[in-house]
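As structure tokens, the structure follows; a few thoughts come after it.
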Amino acid sequence: MIFSADMNMNLKNEIAIADAQPVSGNAFAPPQTDETLAQEILDLKHELNAVILAHNYQVPEIQDLADFVGDSLGLAQQAARTDAAVIVFCGVHFMAETAKILNPNKLVILPDRNAGCSLEESCPAGKLRELQETNPNFYTVSYINCSAKVKALSDVICTSGNAVKIVEAAPKDRDLLFVPDENLGAWVMEQTGRPMTLWRGNCYAHIEFRRDNLLRLKQSFPDAKVVAHPESLREVRELADAVCSTEKMITYCRQTPAERFIIVTESGIIHRMRKECPHKEFICAPTFDVMQMPSDNCRCSQCKFMKLNTLDKLRGCMKNLHPRVELPGLILEQARRPIERMLEISAR
Ligand code: 13P
Ligand code: SF4
215 MIFSADMNMN
225 LKNEIAIADA
235 QPVSGNAFAP
245 PQTDETLAQE
255 ILDLKHELNA
265 VILAHNYQVP
275 EIQDLADFVG
285 DSLGLAQQAA
295 RTDAAVIVFC
305 GVHFMAETAK
315 ILNPNKLVIL
325 PDRNAGCSLE
335 ESCPAGKLRE
345 LQETNPNFYT
355 VSYINCSAKV
365 KALSDVICTS
375 GNAVKIVEAA
385 PKDRDLLFVP
395 DENLGAWVME
405 QTGRPMTLWR
415 GNCYAHIEFR
425 RDNLLRLKQS
435 FPDAKVVAHP
445 ESLREVRELA
455 DAVCSTEKMI
465 TYCRQTPAER
475 FIIVTESGII
485 HRMRKECPHK
495 EFICAPTFDV
505 MQMPSDNCRC
515 SQCKFMKLNT
525 LDKLRGCMKN
535 LHPRVELPGL
545 ILEQARRPIE
555 RMLEISAR
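Be aware that the sequence shown starts at 215, since it is given in my numbering, and climbs by one per residue.
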């Protein structure tokens, strides 16, 4: 059995139909369609002089009305260069925080404050500081999926799109400490040959992809190219034709002559892939045993945090200018330097 984004849509439609109830009482409120909601959001965007930035994992209806859709690096670069007065960030909290750090005087709002990240949770600033104190020669490279406090303790930030370049540019006489993703860190070590001390964090969604399931899928589609995110386990990365950030995955699928791709990352990315390569076929790698039906605890390649954002909440945050990202001045200042260092190295 193959899990695809279509199945997901069907399930969503079934739930929507099951949930539809007749309006009780005399009040009749016409249901608001996605189109009217989208129009309201575009009107608010105009009124606020706002820019809407969205990550590649966001639901299709949010991606379709965003000004820019991309990976963490592209989103940080867009945030650094925008002249809009308000940044509306549709992604997870650390991404909105990064936009705020780059724009301390702008209003940065997000649809759902609870859109966190398991990597960010795995690395509290106090614990990182304790580890840093054990070796004054540590040079801390922090994956952007971390809190502003952790960024403030870092020498440089990286994303999956530039981690190899950032580590290659790190001072040769320093001991590298890579936080918080041990899988991305291990992949960067393989690519650069540079030893690093790795923080033991991971992405709860990407570590669900397993070698056996992927092998079975590859046997069913021997012509398909496998594209995996570096947050995946090594046993999965080893089976991939390309390992890269979400934006580079899209570029790879566009530029590679193959007609069929197995995608090992969060399923939201399939929307852009289908839009940009309408004649190619994209198969979502499953996070369950492909020989069995998904069990009750099926986790179908979705990040529960990314999926907290909806059109309704997007409209709500733009109407209320809340939730907004607010950070203490000192953290803003200290976290800005390592992000700017990343942007500068990335542009070389
Ligand atoms: P990208 O920067 O590759 O889009 O990855 C962000 C992320 O959170 C992956 O899980
Ligand atoms: Fe964090 Fe994983 Fe979700 Fe990306 S997919 S935001 S790393 S929990």
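Glycine is no exception: its CB is placed at the ideal position from the N, C-alpha and C atoms.
Own chain partners of residue i with C-beta closer than 6 Å, once the 5 adjacent residues on each side are dropped
i: G305; result: H269
i: T282; result: For the record, residue 282 in the displayed sequence is Phe; it is not Thr. Here the set comprises L267, Q292.
i: C458; result: none
i: E449; result: R425
i: V326; result: Reading off the sequence shown, one finds Asp at residue 326, where the question assumed Val. Correct list, in chain order: L522, N523, K527.
i: R562; result: none
i: N511; result: With a pLDDT of 46 at N511, under the threshold of 50, the predicted position of this residue should be treated as unreliable, and no value is reported.
Own chain partners of residue i with C-beta closer than 7 Å, once the 5 adjacent residues on each side are dropped
i: T406; result: V378, V381, E382
i: C517; result: Y271, A419, E480
i: L546; result: I315, P318
i: L342; result: V364, L367, V393
i: R538; result: L321, V322, I323
i: Y466; result: V441, A456, C458
Residue interval of the alpha helix (DSSP H) (run including residue i)
i: R327; result: Counting along the chain, R327 falls outside any alpha helix (DSSP H), and DSSP gives it neither H nor E.
i: F308; result: 307-316
i: R424; result: R424 -> no alpha helix (DSSP H), and no H or E assigned at all.
i: A377; result: 377-382
i: L267; result: Here L267 belongs to no alpha helix (DSSP H); instead the beta strand (DSSP E) covers 264-269.
i: V450; result: 448-451
i: G530; result: 525-534
i: E540; result: Taken as a continuous stretch (DSSP letters only), E540 belongs to no alpha helix (DSSP H), as it is neither H nor E.
i: Q277; result: 274-277
Residue i versus the options, residue with shortest Cα-Cα distance
i: I553; options: S459, T524, V364, V450; result: V364
i: D437; options: K489, T470, E445; result: T470
i: A499; options: C491, R474, N328, K489; result: R474
i: A454; options: L391, A290, H443, C337; result: H443
i: E495; options: E445, L447, V440, C531; result: V440
i: K259; options: L289, V302, R555; result: V302
i: T250; options: A290, R529, I476; result: R529
i: H590; options: L429, M520, L557; result: Because the chain is modelled from 215 through 562, residue 590 falls outside the range shown and cannot be assessed.
i: L544; options: S560, A362, F423; result: A362
i: Q246; options: P542, N351, G399, L525; result: L525
i: E335; options: M403, I559, N359, A313; result: N359
i: G284; options: N376, M403, K462, S560; result: K462
i: I421; options: D395, Q433, M410; result: D395
i: D248; options: V273, L262, E261; result: V273
i: K386; options: Q346, G375, M410, T296; result: M410
Identified DSSP bridge partners for residue i
i: S286; result: Per DSSP, none; premise fails for S286.
i: H493; result: In the DSSP output, where bridge partners are listed per residue, H493 has none listed.
i: L160; result: Because the chain in this structure spans residues 215 to 562, residue 160 falls outside the shown range and cannot be described.
i: V457; result: A442
i: S356; result: I371, V393
i: L251; result: Paired residues: none, contrary to the question.
i: C498; result: I477
i: R551; result: Note: R551 sits in no beta bridge, so no partner.
Anticipated Cβ contact below 8 Å, residue i with residue j, distance rounded
i: C417; j: S332; result: 6 Å
i: L321; j: A310; result: Not confirmed; about 11 Å, so no contact.
i: A549; j: A366; result: 4 Å
i: T373; j: L287; result: 4 Å
i: R486; j: Q253; result: Wrong, their Cβ atoms sit about 22 Å apart, outside the cutoff.
i: L390; j: R408; result: 6 Å
i: L279; j: I255; result: 6 Å
i: R451; j: W401; result: 6 Å
i: N351; j: R388; result: 6 Å
i: A384; j: Y353; result: 6 Å
i: T460; j: I483; result: 5 Å
i: N376; j: E445; result: The pair is not a contact, with the Cβ atoms about 15 Å apart (cut-off 8 Å).
i: R555; j: V370; result: 5 Å
Residue range of the unbroken beta strand (DSSP E) whose run includes residue i
i: Y466; result: Taken as a continuous stretch (DSSP letters only), Y466 belongs to no beta strand (DSSP E), being part of the alpha helix (DSSP H) at 460-469.
i: T348; result: Per DSSP, T348 belongs to no beta strand (DSSP E) and is neither H nor E.
i: R474; result: 474-478
i: A298; result: Taken as a continuous stretch (DSSP letters only), A298 belongs to no beta strand (DSSP E), as it is neither H nor E.
i: V364; result: It is not in any beta strand (DSSP E) - V364 instead sits in the alpha helix (DSSP H) that spans 362-366.
i: V441; result: 439-442
Close beta carbons around residue i, own chain, < 8 Å, minus the five adjacent residues each side
i: A264; result: L258, A298, A299, V300, I301, V302, M532
i: F435; result: R474, I476, I497
i: L428; result: V440, V450, L453, I476, V478, A499
i: Q346; result: F352, T354, L367, L391
i: H493; result: E473
C-beta neighbour in chain B for residue i, strict 8 Å
i: I266; result: Protein chain content of the structure displayed is limited to a single chain, and chain B is not contained in it.
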